[in-house]
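Residue numbers for the sequence shown follow my numbering, so the first one is 498 and each next one is one higher.
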Amino acid sequence: MTVFGLFGNLCKMSHRNNDIDPPVCLTIAGLDPSGGAGIVADIKTFTAHDCFAAAVVSSVTFQNTTGVFGAVHQTADSVRRQAEPIFEDYTVVAAKTGMLPTREIIEESAAIFRKWGSRNLVVDPVVRSTSGFDLIDDAALKSLIDTLFPMAALVTPNIPEAERIAGISISSKEDVELAAEKIQSMGARNVLIKGGHFDVDDGVTKLAIDHLFEGSQLTVLQENYIDTTATHGTGCTLAAAITANLALGLDLNESVREAKTFVTNAIRNATSLGKGHSPLNIG
Ligand code: PLP
């Protein structure tokens, strides 16, 4: 073997044997072609956390910062044929689901996680866009609750999503606790009820409050409320940041706390792109 051949082989070996491979995070979610929400936000968030992003498209939506105008959903077959080669090739350390619009896609996603494992699965129960477009139908939401909630390390509804899932209206901390109890009784072990839509005035500053229920243990997370319309993709970004943190080995509580800080900074530094709700600045 020539010196060059030996050098080439050593390079290949050091590449194959390096211990700096980033953890792989997978998202199964909708494509927002304008880049603010869905899988584009997830990919950017995974990458910002030094994780390697893999993405399965559940639906191609038509939207920009002013609204969602429609969608063409994928089939279960398409979702399976996107996901299987990823799992056959990579070790997926953590995964999240976002917009899963149909029952067949939800059942297929559950089958994929049942087959390949779902230790660090974050389920973001995406129901409706800020602009009011329904991203899931009733039958699919029931299937999401029945199949994916029990598999999830964390379920992350915002207040309107928690209201729809729990079937109650939420206007106080007691309501949040009741909603979490109901969602946990549906099979979710741990629930983060996101308070972007539930801002409490402490007399001095407005606060954005999230409630994390790990079993019966409650952690209240609060940040100063940022008065802005630049919030497109906030829910996706938070769930993706939690997923990345779990992949990096943080425990659930640390993962959520770090993710809340990440999202707050991304809102604080948000872009002013577009004519509607501008996307966050994920980096
Ligand atoms: N589009 C897709 C594909 C999404 O996944 C989501 C939310 O998860 C949205 C739109 C809605 O985002 P927002 O309510 O921040 O506009």
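Ideal Cβ placement from N, Cα and C applies to all residues, glycine included. Small disclaimer: the values here were computed from a predicted structure and weren't measured.
Output the boundary residues of the beta strand (DSSP E) element that contains residue i.
{"i": "G567", "result": "564 to 570"}
{"i": "K593", "result": "589 to 594"}
{"i": "L618", "result": "618 to 620"}
Between which two residues does the alpha helix (DSSP H) containing residue i stretch?
{"i": "K757", "result": "749 to 765"}
{"i": "H675", "result": "First, the residue type needs correcting, since residue 675 is Leu and not His in the sequence shown. 670 to 682 is the extent of the alpha helix (DSSP H) around L675."}
{"i": "F584", "result": "573 to 586"}
{"i": "I667", "result": "Neither: I667 is in no alpha helix (DSSP H) and is coded neither H nor E."}
{"i": "I609", "result": "600 to 613"}
{"i": "A662", "result": "Note that residue 662 is Ile in the sequence shown, not Ala. Where I662 is concerned, the enclosing alpha helix (DSSP H) stretches over 656 to 663."}
Name the one or two DSSP bridge partners that residue i has.
{"i": "P776", "result": "H729"}
{"i": "V550", "result": "Strictly speaking, residue 550 in this sequence is Ala, with Val absent from that position. Per DSSP, C522."}
{"i": "E711", "result": "N687, Q714"}
{"i": "Q560", "result": "V565"}
{"i": "L528", "result": "G535, V557"}
{"i": "D631", "result": "R625"}
{"i": "L651", "result": "V619"}
Between the Cα of residue i and those of the options, spot the shortest distance and give me the residue it belongs to.
{"i": "E671", "options": "G567, H708, F759, A756", "result": "H708"}
{"i": "G567", "options": "D748, A705, P598, E585", "result": "P598"}
{"i": "P776", "options": "E605, Q714, T563, F549", "result": "T563"}
{"i": "T731", "options": "L523, D518, V537", "result": "V537"}
{"i": "E678", "options": "F543, L715, C522", "result": "L715"}
{"i": "S682", "options": "G664, K691, S669, Q719", "result": "G664"}
{"i": "D491", "options": "A738, R754, N750", "result": "Residue 491 lies beyond the residue range present for the chain, which begins at 498 and ends at 780; the question has no answer from this structure."}
{"i": "A763", "options": "A526, T734, L523", "result": "T734"}
{"i": "F559", "options": "D631, P519, R611", "result": "D631"}
{"i": "T761", "options": "G746, L745, I723, L770", "result": "I723"}
For residue i and residue j, what's the separation of their Cα atoms in angstroms?
{"i": "G780", "j": "K541", "result": "7 Å"}
{"i": "N721", "j": "E674", "result": "22 Å"}
{"i": "A676", "j": "L651", "result": "15 Å"}
{"i": "F646", "j": "R686", "result": "8 Å"}
{"i": "V620", "j": "R600", "result": "15 Å"}
{"i": "K509", "j": "I602", "result": "Its pLDDT being 41, under 50, K509 is placed unreliably in this model, and the value from its coordinates should be taken loosely. About 40 Å."}
{"i": "T768", "j": "G532", "result": "12 Å"}
{"i": "T702", "j": "T725", "result": "15 Å"}
{"i": "N561", "j": "T728", "result": "13 Å"}
{"i": "Y587", "j": "F549", "result": "10 Å"}
{"i": "G684", "j": "G712", "result": "11 Å"}
{"i": "A579", "j": "Q571", "result": "Before going on, a small fix: residue 579 reads as Gln here, not Ala. Going from the Cα of Q579 to the Cα of Q571 covers about 11 Å."}
{"i": "A534", "j": "A736", "result": "11 Å"}
Could you tell me if residue i is buried or exposed, where buried requires 16 or more neighbouring beta carbons within 10 angstroms of its beta carbon?
{"i": "S555", "result": "buried"}
{"i": "D530", "result": "Checking the sequence shown, residue 530 turns out to be Pro, not Asp. Answer is exposed; the Cβ neighbour count stays below 16."}
{"i": "P654", "result": "buried"}
{"i": "K593", "result": "buried"}
{"i": "E585", "result": "exposed"}
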